[in-house]
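Numbering (my numbering), first residue to last: 69 to 455.
Think of the CB as a built atom: it goes at the ideal place given N, C-alpha and C, for glycine as much as any other residue.
Presented below is the structure to which this report refers.
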């Protein structure tokens, strides 16, 4: 059998196209039939196009409840595409040889991930940048907990000129978006979240891109895993016409370790509380510097109305909102100060039975906090205190 490590496959095109081609080439070196190899490569493509975290014992619903303007919604759902294509364990076996999923992904993203140094609980990737058409995208910082992260990227032109002349809205957000943007973290099978652009320092020629995501990992932590980020075509978004116009064309790929300190604080749970008129039991609750994470069991079946694929009729949206939306949440700090914010819904449900529904969700905080200073969390009329 040929040695798969002595040559690097060079494939033009977008990362997902090169990933499929790399996978197909790797399969070509194994003792499968042509039909089997074609089916596996095709399944990879199908999963890359449409996977949203479904499958046996996985969450039945992955709901994007954040009602941001369209240009703020993350361009793609992070999902374990290769693991789904290859099956549980993410490794293909044939003739005594195995191909690791990460090896295939590394072929597409060119080499080992950049190291990430942890400074004051925040990860600062070292050398994690990509260049294309005179523009550099750099991963500046990552902070998070076991299932949530915020990554800050900077985007700058190599000639020192501004990226583009656009005005920020009243919240400081720039009307920009990528034609396509995907972040995949090893071990993740689904995610929801949002992203936005802003300018942290108008006196320099860089702008910032912030991505915040809540991930589904079957309980495993993402800390220490490798993140693969892919960006295509920076565009200006016109909110009135809902049209986008490319201002910088190109493809940028980079990867780095998700090294940061998980400073989440566990809060005693087990209490019964009310959510939108439903009775539920809090199974697990924690708060980190960036997010509130919780799982709870609603004391009735989900009974989600049927809906055509890809559609969200009002009755389904209303039921999901009832199950997933926490409403107003207040975090009280030890000095007596409070942080109050409205949960925007979102989360996952299932598997459920005739009498209950399991819910897992996260809600990003309006600002970064010191989680060790949290005294309590109040959801509706119920307060969960740190002991």
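The Cβ atoms of residue 301 and residue 314 sit closer than 8 Å to each other.
Exclusion of the five residues before and after residue 227 leaves 202 as the residues of its chain whose Cβ lies within less than 7 Å of its Cβ. The beta-bridge partner set that DSSP reports for residue 280 consists of 218 and 262. Closest by C-alpha distance to residue 346, out of 405, 402 and 392, is 392. Annotation for residue 449: no beta strand (DSSP E) segment contains it, and DSSP assigns it neither H nor E. In the DSSP assignment, residue 386 falls within the alpha helix (DSSP H) that extends over 382–392. Remark: C-beta atoms of residue 277 and residue 263 approach each other more closely than 8 Å. By the CB criterion at 8 Å, residue 215 and residue 285 fall inside the cutoff.
Across the set 406, 331, 206 and 222, the C-alpha of 331 shows the shortest separation from the C-alpha of residue 438. Contact annotation, residue 395 with residue 448: C-beta distance approximately 6 Å; criterion of less than 8 Å satisfied.
According to DSSP, residue pairing for residue 248 in a beta bridge involves 300. As computed with DSSP, residue 206 is found in a beta bridge with 197 and 222. Taking every protein chain shown into account, the CB of residue 258 has 16 or more other CB atoms within 10 angstroms, so this residue is buried. A distance below 8 Å between beta-carbons, with the five flanking residues on each side excluded, links residue 229 to the following residues of its chain, in chain order: 273. Assignment of residue 431 by DSSP, reduced to helix, strand and coil, places it in the strand class. Bridge pairing for residue 333: 355 [DSSP]. For residue 399, the uninterrupted beta strand (DSSP E) run begins and ends at 396–401, by DSSP.
Note that the C-beta distance between residue 298 and residue 367 is not below 8 Å. In this structure, the beta-carbon distance from residue 224 to residue 208 does not fall below 8 Å.
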